[in-house]
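Residue numbers (this note's numbering): 145 to 212.
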């Protein structure tokens, strides 16, 4: 059985992860220098958040969302 990342997501594999973490640290240091604070949002959200905002009959809700 093959597993695939959900549509619209990308895995960062080990060879690129080191570079990615370096870039994150540099950006974080720069933001901290100018007194910006981080905001951490959820990776996945409840379906009803989008249904209320854009309606249940849109293509986004019906075809492009994963509901667990």
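C-beta: ideal position from N, C-alpha, C; glycine also.
Worksheet item: Is DSSP giving residue 149 helix, strand or coil here?
Response: The residue labelled residue 149 in the question sits at position 5 within the chain shown. Coil at residue 149, not helix or strand.
Item to complete: Could you pull out every residue in the same chain whose Cβ sits closer than 7 Å to the Cβ of residue 164, ignoring the five residues on either side in sequence?
Response: Residue 164 sits at position 20 when you count from the first residue of the chain shown. Hits under 7 Å: 156.
Worksheet item: Do residue 182 and residue 175 have their CB atoms nearer than 9 Å?
Response: Counted from its first residue, the chain shown places residue 182 at position 38. Counted from its first residue, the chain shown places residue 175 at position 31. Against a cut-off of 9 Å, the Cβ pair of residue 175 and residue 182 comes out as a contact.
Worksheet entry | The alpha helix (DSSP H) enclosing residue 175, as first and last residue numbers | Against the chain shown, residue 175 aligns to sequence position 31. Segment 158-177, the alpha helix (DSSP H) holding residue 175.
Discussion item. What would DSSP say about residue 192, mapped onto helix, strand or coil?
Written reply: Here residue 192 corresponds to residue number 48 of the chain shown, with the count starting at 1. Residue state for residue 192 is assigned as helix, using DSSP reduced to three classes.
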